[in-house]
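Peer 1:
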Amino acid sequence: MAYTIEGNSGSWEVVVGLEVHAQVISKAKLFSGAATAFGAAPNSQVSLVDAAFPGMLPVLNGECVAQAVRTGLGLNAEIHLHSRFDRKNYFYADLPSGYQISQYEHPIVGKGVIEIELADGSTRQIGVTRLHLEQDAGKSLHDQHPTKTFVDLNRSGVALMEIVSEPDIRSPEEAGAYVRKLRSILRYLGTCDGNMEEGSLRADVNVSVRKAGEPYRTRCEIKNVNSIRFVMQAVEVEALRQIKVWEDGGEVVQETRLFDSARGTTRSMRSKEDAHDYRYFPDPDLLPLILDPAWVETLRAALPELPDAKRARFIDAFGLSPYDSGVLVAEQPTAHYFETVAAGRDPKLAANWITGDLFGALNRTSRSIEDSPVSAASLGALLDLISDKTINGKIAKQVFEEMVETGAAPDAIVQARGLRQVVDTSAIDAAVDAVIAANPDKAAEYRSGKDKLFGFFVGQVMKAMAGKGNPALVNDAVKAKLG
Amino acid sequence: MISDFTLASARAALRARDVSSVELTQHFLGAIEALNPQLNAFITVTGERALAQAAAADAALASGDQGALLGIPLAIKDLFCTEGVRTTAGSRILSPFVPPYESTVTANLLRDGAVFLGKANMDEFAMGSSNATSAFGPVVNPWTRTGDNRPLVPGGSSGGSAAAVAAGLALGATATDTGGSIRQPASFCGIAGIKPTYGRCSRWGVVAFASSLDQAGPVARNVEDCAILLGSMAGYDPKDSTSANIAVPDFAAACRRGVKGLRIGVPREYRSDDMPPEIEAIWQQGLGWLRDAGAEIVDVSLPHTKYGLATYYIVAPAEASSNLARYDGVRFGARSNGEDLTALYENTRADGFGAEVQRRIMIGTYVLSAGYYDAYYIRAQKIRSLILKDFTDVFARVDALVTPTAPSAAFGLGDRLDDPIKMYFNDVFTVPANMAGIPGMSVPAGLDAQGLPLGLQVLGRPFDEETVFAVAQAIEDAAGFVAKPSVRAGG
Chain A
81 MAYTIEGNSG
91 SWEVVVGLEV
101 HAQVISKAKL
111 FSGAATAFGA
121 APNSQVSLVD
131 AAFPGMLPVL
141 NGECVAQAVR
151 TGLGLNAEIH
161 LHSRFDRKNY
171 FYADLPSGYQ
181 ISQYEHPIVG
191 KGVIEIELAD
201 GSTRQIGVTR
211 LHLEQDAGKS
221 LHDQHPTKTF
231 VDLNRSGVAL
241 MEIVSEPDIR
251 SPEEAGAYVR
261 KLRSILRYLG
271 TCDGNMEEGS
281 LRADVNVSVR
291 KAGEPYRTRC
301 EIKNVNSIRF
311 VMQAVEVEAL
321 RQIKVWEDGG
331 EVVQETRLFD
341 SARGTTRSMR
351 SKEDAHDYRY
361 FPDPDLLPLI
371 LDPAWVETLR
381 AALPELPDAK
391 RARFIDAFGL
401 SPYDSGVLVA
411 EQPTAHYFET
421 VAAGRDPKLA
431 ANWITGDLFG
441 ALNRTSRSIE
451 DSPVSAASLG
461 ALLDLISDKT
471 INGKIAKQVF
481 EEMVETGAAP
491 DAIVQARGLR
501 QVVDTSAIDA
511 AVDAVIAANP
521 DKAAEYRSGK
531 DKLFGFFVGQ
541 VMKAMAGKGN
551 PALVNDAVKA
561 KLG
Chain B
4 MISDFTLASA
14 RAALRARDVS
24 SVELTQHFLG
34 AIEALNPQLN
44 AFITVTGERA
54 LAQAAAADAA
64 LASGDQGALL
74 GIPLAIKDLF
84 CTEGVRTTAG
94 SRILSPFVPP
104 YESTVTANLL
114 RDGAVFLGKA
124 NMDEFAMGSS
134 NATSAFGPVV
144 NPWTRTGDNR
154 PLVPGGSSGG
164 SAAAVAAGLA
174 LGATATDTGG
184 SIRQPASFCG
194 IAGIKPTYGR
204 CSRWGVVAFA
214 SSLDQAGPVA
224 RNVEDCAILL
234 GSMAGYDPKD
244 STSANIAVPD
254 FAAACRRGVK
264 GLRIGVPREY
274 RSDDMPPEIE
284 AIWQQGLGWL
294 RDAGAEIVDV
304 SLPHTKYGLA
314 TYYIVAPAEA
324 SSNLARYDGV
334 RFGARSNGED
344 LTALYENTRA
354 DGFGAEVQRR
364 IMIGTYVLSA
374 GYYDAYYIRA
384 QKIRSLILKD
394 FTDVFARVDA
404 LVTPTAPSAA
414 FGLGDRLDDP
424 IKMYFNDVFT
434 VPANMAGIPG
444 MSVPAGLDAQ
454 GLPLGLQVLG
464 RPFDEETVFA
474 VAQAIEDAAG
484 FVAKPSVRAG
494 G
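Quick mapping for you: the protein sequence lines, in order, are chains A and B. So for the first sequence, this note's numbering puts the first residue at 81; every next one is plus one. So for the second sequence, this note's numbering puts the first residue at 4; every next one is plus one.
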């Protein structure tokens, strides 16, 4: 069911294209040897090239090129063996050279595709128009001094990949799914850490609305949206704003807007008339970038298994549902955790424990799977205790909670607490006898055909055994004694 | 006598311990002190530093060090960043700028033992053909017309370098050439100068004018001195992506190759009706010398020559408009404050840049603007490839080309300033080599009727400076150019 917004004049379709800026993981900047670590003291990672001193020249960092190619391969995109760097000219205090080196006409990566998964289980293909390499600018700090602006050039010259989508996205959910999927792929590839809070991943969101069957109407670009939730909100509020403009008889003007997350609105930043004329031209300090096809193949051969392939494998090899597989592969550490737990064990059981109990515990304790209080080996050991019938499933939940609390090993907990499952049939028989003796009327009702009371007896027996009875043996005994 | 030294003979004298580097350096510092007030060839003189370098060189010479330029006093065009020494690019906007780094070319010279006397005056940001656009005042050509003491321009943009060498204020100098800035002043000042192949010398640490055209090279008293200097300046530099990873040959040895059997092309498009007959005559004479020395003279055609100047004045300003954006008063150089960031930019750049630089920034901004880019910049780039193709085609048939260096001898200080197009016309013969990236050298060939030097230009294949040196040397040998300018150290 396609997403539409009902206006006074009928249904509106939302059209979205995303430009994602992803900071490349590399030790040095795109054109200088300065370091790129996040959070360093202001202006402590600035070379003379980054500060655009007279006579300084850019030298391309080969690792950044490799990262862009890996990303292109991961997006099933064309790798352009011939690309070029251009200068994008504009003045700003945090742009030392007065131009940003970018790739305008000839990007390193061309058309690709990202498959997104939606909550209803459906998937959609979103086209990627291009990926190009460019430099980040520095940062202007307006809040450090009453009358002055401070400039931090640490980020100046850091490599970014700008990944542009086709206007194929049709709802806030799809926009969110796109960014989530893209981030997942980048993280798998190790080409961007995807950390939106630190600004390593930012999205410019292009939104327009139209009636079904119409050509595209005027779009607005919402700049620098820095969380997936905000991307989804921005799409929605901007679409609503535009619908109102159209339905009030107005016209949407092409402009750049900002998303105000506090107010949940977008507001105008600059109109098309104020738009810069960037005067792009090929950077004469740099040679055309020519890639050796054999080198590209080397990178392709070294790519890790990516989310889509992993998801297909989890469905095929482990018999997991598409939904569970999607959840498990979204983050590489989760997939790795799952595979460790599932190795030699029941994969569905492993998946259920991870997506249920483990995710719940991580959420509750605000921890990530990388610093999970329960390691994959420990969870595996817990599942082993279930399958060798040392404990039953119910007790296992109890043990798991204690593992989360204390980080202790499951067998140690079982040992210390005496949670070992009771498989001694005489003990079980005795417990069953005692429960029947204590509930003669209910026993009579059961025997006269009230089958539903079976569960009552099992429950009472388990309770009497502090939950440690082997469920199958308890069932058998209850059936035998009442039968 | 020190004032008669060439670089090569000074080097021999230093190695023979007939003279010390300190003596040489003192001589040149004295000459600068005496003549610079008149010529204005230096913006900054670094006397103490030079004497310290000279003393170190003498110590190294005493211990048998044979560095290619050990103890040789040079002038450095003020476009080369020199660590700890103010570097202005001839502009007010960089007047307070002291670089914390040394350009690769000057570092190479220091590695080989050179002594730096100071920073040579130049057209602002190397934009000019008369050295009149310098924020530090014009340079005066040491030559004057016979019986006429009115000051003449030294050419530009490397006018300070050329005047310093011609007047005996240095044994040689670094220079740069974006459209003729080495060759035209060399011609006007009666000295030799070579713009090597684009990529031969690193541009790292050289204040950029037009990155795809800028190339460093030497000016010196003769061809061999240029060869020695270029041998030290050149070389691959990983810090410059456009630097060529090609071994530097022995240029000085190439000077002695001779021209016997070489085919020398004469491009017919370099002949125009309004060219002074004296220049045509000296051109013919140069070709005659080469024929006498055993070369074959061949008429060739470079059909796109006539578009060279027009395309140059699109490409060079376009790149300059972007290269000069960094002079914004924010991080270094001069700043003129304003009430907001835009005012700061406007005031800084209005106060800091001279009229010619502002003109070229505006031309460059215009030709790159949306709606004009295709008509100007793209078309200019297409013509540029055609110009390169012209050269590639003729170099399949000939080994070098010989043309006049400039369409005139030195002109009067203040002439042509009111007409930028006329000024730009100075570069008509030199610009094509920059557009094609090929090496070009100017060598003095004689005097005009007014007693002013005229140079001939030798153009060669990319990375074949050796043939260029051989041809230039043959012209120099035949010309026997011994005339001296009216202003010269040591009389």
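Glycine included, every Cβ here is placed at the ideal spot set by N, Cα and C.
Counting along the chain, where does the beta strand (DSSP E) carrying residue 119(B) start and finish?
Peer 2: Taking the first residue of the second sequence as position 1, residue 119(B) is located at position 116. First-last of the beta strand (DSSP E) with residue 119(B): 118 to 123.
Peer 1: Under a Cβ-count criterion, where at least 16 other Cβ atoms within 10 Å of its own Cβ denotes burial, should residue 186(B) be classed as buried or exposed?
Peer 2: The residue labelled residue 186(B) in the question sits at position 183 within the second sequence. Residue 186(B) should be labelled buried.
Peer 1: Out of 371(A), 107(A), 391(A), 220(A), state which residue places its alpha-carbon closest to the alpha-carbon of residue 414(A).
Peer 2: Within the first sequence, numbered from 1, the residue matching residue 414(A) stands at position 334. It is 391(A) whose Cα lies nearest to the Cα of residue 414(A).
Peer 1: At the level of alpha carbons, what is the spacing between residue 363(B) and residue 489(B)?
Peer 2: Walking along the second sequence from the start, residue 363(B) turns up at place 360. Walking along the second sequence from the start, residue 489(B) turns up at place 486. Near 35 Å, if we compare the C-alpha coordinates of residue 489(B) and residue 363(B).
Peer 1: So, is the C-beta of residue 322(B) closer than 9 Å to a C-beta in chain A?
Peer 2: Here residue 322(B) corresponds to residue number 319 of the second sequence, with the count starting at 1. Chain A, which has a Cβ nearer than 9 Å to the Cβ of residue 322(B), makes this yes.
Peer 1: Using beta carbons (cut-off 9 Å, strictly below), is residue 2(B) in contact with chain A?
Peer 2: In the structure as shown, chain B starts at 4 and stops at 494, and residue 2(B) therefore has no counterpart that could be examined.
Peer 1: Enumerated in chain order, which unbroken segments of the alpha helix (DSSP H) with a length of 4 residues or greater are wholly contained in the segment 238 to 298 of chain B?
Peer 2: Entirely contained in the segment 238 to 298 of chain B, the alpha helix (DSSP H) runs reaching 4 residues are, in chain order, 254 to 257, 280 to 295.
Peer 1: Just to check my reading of the structure: residue 136(B) and residue 126(B) have Cβ atoms closer than 8 Å, yes? What is that Cβ distance to the nearest angstrom?
Peer 2: Working through the second sequence from its first residue, we reach residue 136(B) at position 133. Working through the second sequence from its first residue, we reach residue 126(B) at position 123. Right, the Cβ-Cβ distance comes to about 4 Å (below 8 Å), so this counts as a contact.
Peer 1: Output the distance between the C-alpha atoms of residue 103(A) and residue 476(A), rounded to the nearest integer angstrom.
Peer 2: Taking the first residue of the first sequence as 1, we reach residue 103(A) at position 23. Taking the first residue of the first sequence as 1, we reach residue 476(A) at position 396. Cα-Cα distance, rounded: 43 Å.
Peer 1: Does any CB atom of chain A fall closer than 9 Å to the CB of residue 477(B)?
Peer 2: Locating residue 477(B) in the second sequence gives position 474, counting from the first residue. Not one chain A Cβ lies under 9 Å of residue 477(B).
Peer 1: Which residues does DSSP pair with residue 198(B) in a beta bridge?
Peer 2: In the second sequence, counting from the first residue as 1, residue 198(B) sits at position 195. Answer is 443(B), bridged to residue 198(B).
Peer 1: Using a Cβ-Cβ distance under 9 Å, would residue 349(A) count as near chain B?
Peer 2: Taking the first residue of the first sequence as 1, we reach residue 349(A) at position 269. Answer no: the Cβ-Cβ gap between residue 349(A) and chain B never drops below 9 Å.
Peer 1: When you compare only the Cα positions, how much space is there between residue 390(B) and residue 104(B)?
Peer 2: For the purposes of this step, residue 390(B) is identified with residue 387 of the second sequence, where counting begins at 1. For the purposes of this step, residue 104(B) is identified with residue 101 of the second sequence, where counting begins at 1. Spanning the two alpha carbons is a distance of roughly 36 Å.
Peer 1: What does a CB cutoff of less than 8 Å around residue 117(A) pick up in its chain, not counting 5 residues either side in sequence?
Peer 2: The residue you call residue 117(A) lines up with position 37 of the first sequence. So the qualifying residues of the chain are 125.
Peer 1: Would you say residue 97(B) lies against chain A (beta-carbon separation less than 9 Å)?
Peer 2: As a working note, residue 97(B) is residue 94 in the second sequence. Yes - at least one Cβ of chain A is within 9 Å of the one on residue 97(B).
Peer 1: For residue 179(A) and residue 351(B), I'd like the C-alpha separation in whole angstroms.
Peer 2: The sequence position of residue 179(A) within the first sequence is 99, counting from 1. The sequence position of residue 351(B) within the second sequence is 348, counting from 1. For residue 179(A) and residue 351(B), the distance between alpha carbons rounds to 18 Å.
Peer 1: From this set, 213(A), 151(A), 209(A), 122(A), which residue's C-alpha is nearest residue 163(A)'s C-alpha?
Peer 2: One-based indexing of the first sequence puts residue 163(A) at position 83. Cα-wise, what sits closest to residue 163(A) is 213(A).
Peer 1: Based on the DSSP secondary-structure assignment, which residues constitute the bridge partners of residue 91(A)?
Peer 2: For the purposes of this step, residue 91(A) is identified with residue 11 of the first sequence, where counting begins at 1. Paired residue(s): 86(A).
Peer 1: What residues from the segment 137 to 148 of chain A come within 9 Å of chain B, judged by C-beta to C-beta, listed N to C?
Peer 2: Cβ contacts with chain B come from 137, 138, 139, 140.
Peer 1: Can you give me the C-alpha to C-alpha distance between residue 497(B) and residue 175(B), rounded to a whole angstrom?
Peer 2: Outside the displayed range of chain B (4 to 494) lies residue 497(B), so it cannot be described from this structure.
Peer 1: If you drop the 5 nearest sequence neighbours on each side, which residues of the same chain put their C-beta closer than 8 Å to that of residue 255(A)?
Peer 2: On the first sequence, position 175 is the one that residue 255(A) refers to. Taken in chain order, the residues that qualify are 96, 98, 249, 285, 311, 312, 315.
Peer 1: Residue 205(B) lies in the beta strand (DSSP E); which residues open and close that run?
Peer 2: As a first step, residue 205(B) must be located in the second sequence, where it is residue number 202. That residue, residue 205(B), is in no beta strand (DSSP E); it is neither H nor E in DSSP.
Peer 1: Give the interface partners of residue 122(A) over in chain B, defined as CB-CB distance under 7 Å, in chain order.
Peer 2: Looking up residue 122(A) in the first sequence gives position 42. Going along chain B, no residue has its Cβ under 7 Å from residue 122(A), so there is no contact; the nearest lies around 14 Å.
Peer 1: Along the chain, which unbroken stretches of the beta strand (DSSP E) at least 3 residues long are found entirely within the segment 362 to 411 of chain B?
Peer 2: The qualifying runs are 403 to 407.
Peer 1: Give a yes or no on contact between the segment 190 to 203 of chain B and the segment 450 to 459 of chain B, applying the rule of three or more CB pairs nearer than 8 Å.
Peer 2: With a cut-off of 8 Å, the segment 450 to 459 of chain B and the segment 190 to 203 of chain B count as touching, because enough Cβ pairs lie within range.
Peer 1: What separation, rounded to the nearest whole angstrom, lies between the Cα atoms of residue 145(A) and residue 265(A)?
Peer 2: Position 65 of the first sequence, counted from the start, is the residue given in the question as residue 145(A). Position 185 of the first sequence, counted from the start, is the residue given in the question as residue 265(A). Rounded to the nearest angstrom, the two C-alpha atoms are 17 Å apart.
Peer 1: Residues of chain B with CB closer than 7 Å to the CB of residue 169(A), please, in chain order.
Peer 2: Start at 1 with the first residue of the first sequence, and residue 169(A) comes out as number 89. Neighbours of residue 169(A) on chain B, chain order: 325, 328.
Peer 1: So what's residue 398(A) in DSSP terms, helix, strand or just coil?
Peer 2: Reading the first sequence from its first residue, position 318 is the one you call residue 398(A). The answer is helix: DSSP assigns residue 398(A) an H, G or I state.
Peer 1: Kindly identify the DSSP beta-bridge partner or partners of residue 493(A).
Peer 2: Stepping through the first sequence from its first residue, residue 493(A) is reached at position 413. Its beta-bridge partners do not exist; DSSP assigns none.
Peer 1: Under a three-way DSSP split, which group does residue 191(B) fall into?
Peer 2: The residue you call residue 191(B) lines up with position 188 of the second sequence. Of the three classes helix, strand and coil, the one that applies to residue 191(B) here is helix, per DSSP.
Peer 1: Going by the beta-carbon positions, is the gap between residue 239(A) and residue 192(A) smaller than 9 Å?
Peer 2: On the first sequence, residue 239(A) is found 159 positions in, with the first residue counted as 1. On the first sequence, residue 192(A) is found 112 positions in, with the first residue counted as 1. Contact: no.
Peer 1: May I ask you to list, following chain order, the residues of the segment 232 to 250 of chain B that have a beta carbon less than 8 Å from some beta carbon of chain A?
Peer 2: So the list reads 241, 242, 243, 244, 245, given in the order they occur along the chain.
Peer 1: According to DSSP, what are the bridge partners of residue 300(A)?
Peer 2: For the purposes of this step, residue 300(A) is taken as the residue at position 220 of the first sequence. 287(A).
Peer 1: Given a cut-off of 9 Å, decide if residue 265(B) and residue 403(B) are closer than it, judged by their beta-carbon atoms.
Peer 2: Against the second sequence, residue 403(B) aligns to sequence position 400. Against the second sequence, residue 265(B) aligns to sequence position 262. It is a contact, given that the beta carbons lie within the stated cut-off.
Peer 1: What is the DSSP secondary structure of residue 91(B), counted as helix, strand or coil?
Peer 2: Residue 91(B) sits at position 88 when you count from the first residue of the second sequence. Three-state result, residue 91(B): coil.
Peer 1: Is there at least one Cβ from chain A nearer than 9 Å to residue 380(B)'s Cβ?
Peer 2: In the second sequence, the residue the question calls residue 380(B) occupies position 377. Interface residue, yes.
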